[in-house]
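Asker: Before I ask anything, let me first share the structure, which is written out below as structure tokens.
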């Protein structure tokens with residue numbers, strides 16, 4: 001056994017004892033320990049530290065006596081176990097908000113058990129200072145057998161608890177982030193055209209719109225980066241199936257790009273029955289919500305506006321649309337039945353189209 005190795009073990013042990021002092025002598029969450037119990041634990045730690053100091057002094061004095069030094073060195077394993085006992089206590093102490101939940105009765109019991117084990121170790125180290133070799137070996141093996149298994153179980157429990165706490169923390173953080181995002185999205189718009197899309201898909205006959213999806217104008221529109229090809233207008237007479245084709249287009253865009261990131265597909269279904277609530281701002285806000293929802297994170301400018309509760313005017317929404325769309329690798333905007341959007345006001349329709357073409 002190397003003198004340097006055992007000296008390092010003792011030094012580590014002293015540091016661990018000092019750390020446990022701090023834990024025992026401050027508030028420990030929901031601990032039910034009485035003041036006299038805490039005093040007794042302090043006394044046990046002080047006595048243990050005193051004996052460790054005496055053991056270190058004897059070791060230093062025994063370095064010239066190789067046989068005695070080696071006998072004393074046999075107790076290095078004991079000090080290793082003691083350090084694990086102390087680290088088992090320290091492992092329960094964590095500044096993290098969630099890990100403090102593992103205190104309480106379990107922490108109190110572990111603390112009491114640890115103090116008992118340290119008391120036994122102190123007695124063993126005291127015995128080692130003067131005992132004969134056979135007594136040292138017998139008592140050491142007995143101590144290691146009794147305590148070693150317990151320490152390993154404690155560390156396994158603490159490790160498993162830590163992993164569970166990490167998972168809980170991750171889930172709570174994800175839930176908190178989701179709630180914040182949902183709050184901002186609902187602030188932008190609560191309009192949801194998803195149920196309409198689902199209903200249309202349920203009524204969509206196989207092959208409907210296939211001719212349109214395979215047409216050159218559509219293929220150019222969905223793949224071209226050229227500004228002149230960014231708008232595709234599909235006129236048709238009343239009842240010709242434009243809305244069903246719109247549903248087919250939206251579904252095609254979703255399915256053909258479901259494995260790609262950075263894609264935003266935003267759509268609205270206009271209806272003359274909603275003209276009392278539909279205006280350029282409300283529809284643009286609906287489109288904005290869908291594009292923002294497709295982003296990995298909400299733009300800071302939008303977060304700041306939400307925090308300040310600023311009004312989402314047409315000008316602001318248009319600017320936010322351009323900002324959100326610029327963060328996407330591809331952004332598709334589909335509007336069905338534009339002729340039913342404010343049918344008596346061509347100026348409003350022109351205003352809506354003007355803002356969308358700026359995106």
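Residue numbers (full-length UniProt numbering): 1 to 359. Beta carbons: idealized from backbone N, C-alpha and C, even for Gly. Nothing here was measured: the structure is a model prediction, and the numbers come from that model.
Looking at residue 335 and residue 286, is the spacing between their C-beta atoms short of 8 Å?
Answerer: no
Asker: Can at least three beta-carbon pairs, one atom from the stretch 321 to 331 and one from the stretch 285 to 303, be found at a separation below 8 Å?
Answerer: Contact between the stretch 321 to 331 and the stretch 285 to 303 is established, with three or more Cβ pairs separated by less than 8 Å.
Asker: Taking 8 Å as the threshold (beta carbon to beta carbon), is residue 252 in contact with chain D?
Answerer: Protein chain content of the structure displayed is limited to a single chain, and chain D is not contained in it.
Asker: Residue 332 and residue 266 look like a contact to me (Cβ under 8 Å); what is the Cβ gap, rounded to whole Å?
Answerer: 7 Å
Asker: Please list, in chain order, all residues of the same chain as residue 212 whose beta carbon is under 8 Å from its beta carbon, the five residues on each side excluded.
Answerer: 218, 234, 245, 248 and 249
Asker: If you drop the 5 nearest sequence neighbours on each side, which residues of the same chain put their C-beta closer than 8 Å to that of residue 208?
Answerer: 241, 244, 245 and 248
Asker: How far does the beta strand (DSSP E) with residue 264 in it reach, from first residue to last?
Answerer: Per DSSP, residue 264 belongs to the beta strand (DSSP E) from 263 to 269.
Asker: Do residue 188 and residue 289 have their C-beta atoms within less than 8 Å of each other?
Answerer: yes
Asker: Please confirm whether residue 231 and residue 306 have their CB atoms less than 8 Å apart.
Answerer: no
Asker: Tell me the residue span of the beta strand (DSSP E) that contains residue 331.
Answerer: 330 to 336
Asker: Starting from residue 255 and walking both ways along the alpha helix (DSSP H), at which residues does that stretch end?
Answerer: 242 to 256
Asker: Quick one: what's got a C-beta closer than 6 Å to residue 115's C-beta in the same chain, skipping five residues either side?
Answerer: 41 and 44
Asker: Can you list, in chain order, the residues of its chain whose CB lies under 6 Å from that of residue 55, leaving out five sequence neighbours each side?
Answerer: 125
Asker: Drop a sphere of 10 angstroms on the beta-carbon of residue 117, count the other beta-carbons inside from all chains shown, and report buried for 16 or more, exposed for fewer.
Answerer: buried
Asker: So, with DSSP's three-state summary, where would you put residue 209?
Answerer: In the structure shown, residue 209 sits in coil (DSSP, three-state: anything other than H, G, I, E or B).
Asker: One question on the structure: do residue 78 and residue 49 come within less than 8 Å of each other, judged by their Cβ atoms?
Answerer: no
Asker: Taking the alpha-carbon positions, what's the residue 341 to residue 179 distance?
Answerer: 32 Å
Asker: Could you check where the alpha helix (DSSP H) with residue 278 kicks off and where it finishes?
Answerer: Residue 278 -> no alpha helix (DSSP H), and no H or E assigned at all.
Asker: Could you check whether residue 23 and residue 362 sit closer than 8 Å to each other, using their CB atoms as the reference points?
Answerer: The question about residue 362 has no answer, for the chain in this structure spans 1 to 359.
Asker: Please classify residue 278: is it buried, with 16 or more other beta-carbons within 10 angstroms of its beta-carbon, or exposed?
Answerer: In this structure residue 278 is buried. Its beta-carbon is surrounded by 16 or more other beta-carbon atoms within 10 angstroms.
Asker: Could you check where the alpha helix (DSSP H) with residue 218 kicks off and where it finishes?
Answerer: Boundaries of the alpha helix (DSSP H) harbouring residue 218: 216 to 223, taken from the DSSP string.
Asker: Which residues bound the alpha helix (DSSP H) around residue 194?
Answerer: 194 to 203
Asker: Looking only at its own chain, which residues have a Cβ that is under 7 Å from the Cβ of residue 112, when we skip the five neighbours before and after it?
Answerer: none
Asker: With the cut-off set at 8 Å, would you say residue 9 and residue 60 are in Cβ contact?
Answerer: no
Asker: Can you list, in chain order, the residues of its chain whose CB lies under 8 Å from that of residue 132, leaving out five sequence neighbours each side?
Answerer: Below a pLDDT of 50, predicted positions are generally treated as unreliable, and residue 132, at 46, falls in that range; no measurement from the model is reported.
Asker: Please state whether the Cβ-Cβ distance between residue 12 and residue 83 is less than 8 Å.
Answerer: yes
Asker: When the Cα atoms are used, what is the spatial distance from residue 273 to residue 337?
Answerer: 12 Å
Asker: Hey, could you find the ends of the alpha helix (DSSP H) residue 319 is sitting in?
Answerer: 314 to 326
Asker: Straight-line CA distance for residue 201 to residue 107?
Answerer: 58 Å
Asker: Measuring CA to CA, which of 47, 205 and 299 is closest to residue 120?
Answerer: The residue with the shortest Cα to Cα distance from residue 120 is 47.
Asker: Between residue 105 and residue 32, how many whole angstroms is the CB-CB distance? I'm expecting something under 8 Å.
Answerer: 7 Å
Asker: If you count every other CB in all the chains shown that lies within 10 Å of the CB of residue 261, and 16 or more means buried, which is it?
Answerer: exposed
Asker: Which residues in the same chain have their Cβ closer than 6 Å to the Cβ of residue 252, if we skip the five residues on either side of it in sequence?
Answerer: 213
Asker: Where residue 255 and residue 311 are concerned, what is the direct C-alpha to C-alpha distance, given to the nearest angstrom?
Answerer: Approximately 36 Å between the Cα atoms of the pair.
Asker: With 16 as the cutoff for other CB atoms within 10 Å, does residue 35 come out buried or exposed?
Answerer: exposed
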